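If you want this note's numbering, it's the 1-based position in the sequence shown plus 68. Ideal placement from N, C-alpha and C gives every residue a C-beta, glycine not left out. Everything numeric in this text was worked out from a predicted model, so none of it was measured. One structure below.
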Amino acid sequence: MSGFEIAGVVLGAFPILCDTAKDLGTVFKKTKAWWQFETSFENFVSTIATQEIAYTQVLERLLDPLDITDGEYESLLRDPRSRLWYERHIQEELRQCLPQNKFPWFMWNLSELNTAIEDLQKLLPIEKAR
Numbered sequence: 069m070s071g072f073e074i075a076g077v078v079l080g081a082f083p084i085l086c087d088t089a090k091d092l093g094t095v096f097k098k099t100k101a102w103w104q105f106e107t108s109f110e111n112f113v114s115t116i117a118t119q120e121i122a123y124t125q126v127l128e129r130l131l132d133p134l135d136i137t138d139g140e141y142e143s144l145l146r147d148p149r150s151r152l153w154y155e156r157h158i159q160e161e162l163r164q165c166l167p168q169n170k171f172p173w174f175m176w177n178l179s180e181l182n183t184a185i186e187d188l189q190k191l192l193p194i195e196k197a198r
């Protein structure tokens, strides 16, 4: 091969290399975007798990001193929509444990948190994961 032929092959290879690099760039961008999504999602799941633990600990701390049955305790701890939250004897016990006038605030926050969790469950394919 003469020098001109080699130069022609090299010059012809540049567009191919450029196109390939562009294609690889697109693949790497998608890979980077997926990696960023996966990392963010893992952080999100970890944060949700941490919040669940904190929430459960707050409820346990609140419910432990109450004069209620083990069944009522478990129902209140595991089911935030339990009708027990609205029974008179439970509310009286809670009012005694919470600082002055914090009972309405607590019940409102409990309701808001449950609504947020239900909304989040609707967004995520939780039933498919089970």
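Can you tell me where the alpha helix (DSSP H) with residue i in it begins and where it stops?
{"i": "Gln189", "result": "171-191"}
{"i": "Glu140", "result": "138-146"}
{"i": "Gln164", "result": "156-165"}
Between residue i and residue j, is the Cβ-Cβ spacing less than 7 angstroms?
{"i": "Leu144", "j": "Leu131", "result": "yes"}
{"i": "Asn171", "j": "Leu178", "result": "The question names Asn, yet the displayed sequence has Phe at residue 171. The answer is no: Cβ separation not under 7 angstroms."}
Any contact of the stretch 97-105 with the stretch 153-163, i.e. 3+ C-beta pairs under 8 angstroms? no
Count the CB pairs spanning the stretch 162-182 and the stretch 131-148 that are closer than 8 angstroms, and state whether there are at least three. yes
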